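Asks: Below is a structure I'd like to ask you about.
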Amino acid sequence: MQCKDVEFVVEQEGLAPLPQTAQAHVATCSHCQEFVSDLAAIVSARMNCPPNGTACSPMGFPSGTT
């Protein structure tokens, strides 16, 4: 598996769980480790935002709380 394959898998299937072949590539590729880490951080920040489109600051906190 190559980096472009990992990116395709993530686009099609999401981050969790990654197929074993993708996990094996990510384990040995610093570019893909950073890619997966960045996406996981984005997903985590979004999960901490209020529902219904309420504005959220870049740090993931509801606007006006940072």
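If you read the sequence shown in my numbering, its first letter stands for residue 13, the second for the next number, and so on.
Even for Gly, the Cβ is constructed at its ideal location relative to N, Cα and C.
Being a predicted model, the structure only gives us computed values, none of them experimental.
1) Using C-beta distances below 7 Å, list every residue in its chain close to Gln45, excluding the 5 sequence neighbours before and after it, in chain order.
2) Can you tell me the Cβ-Cβ gap for Val21 and Pro29, rounded? I've got them flagged as a contact below 8 Å.
3) Measuring straight from C-alpha to C-alpha, what distance separates Thr78 and Ala53?
4) Val18 and Ala36 look like a contact to me (Cβ under 8 Å); what is the Cβ gap, rounded to whole Å?
5) Look at the alpha carbon of Thr40 and the alpha carbon of Glu25, and state the distance between them as a whole number of angstroms.
Replies: Let me spell this out:
1) Along the sequence shown, one-based indexing puts residue 45 at 33. Taken in chain order, the residues that qualify are Val38.
2) Mapped onto the sequence shown, residue 21 falls at position 9. Mapped onto the sequence shown, residue 29 falls at position 17. Their Cβ separation, rounded to whole angstroms, is 11 Å, which puts Val21 and Pro29 out of contact at 8 Å.
3) Translated into the one-based positions of the sequence shown, residue 78 becomes position 66. Translated into the one-based positions of the sequence shown, residue 53 becomes position 41. With a pLDDT of only 46 at Thr78, under the threshold of 50, the placement of this residue in the model should not be trusted; the figure read from the coordinates follows. Answer to the nearest angstrom: the Cα atoms are 18 Å apart.
4) Along the sequence shown, one-based indexing puts residue 18 at 6. Along the sequence shown, one-based indexing puts residue 36 at 24. Between the beta-carbon of Val18 and that of Ala36 there is about 10 Å, and that puts the pair past the 8 Å contact cut.
5) As a position in the sequence shown, residue 40 is number 28, starting the count at 1. As a position in the sequence shown, residue 25 is number 13, starting the count at 1. Between the C-alpha atoms of Thr40 and Glu25 there is a straight-line separation of about 21 Å.
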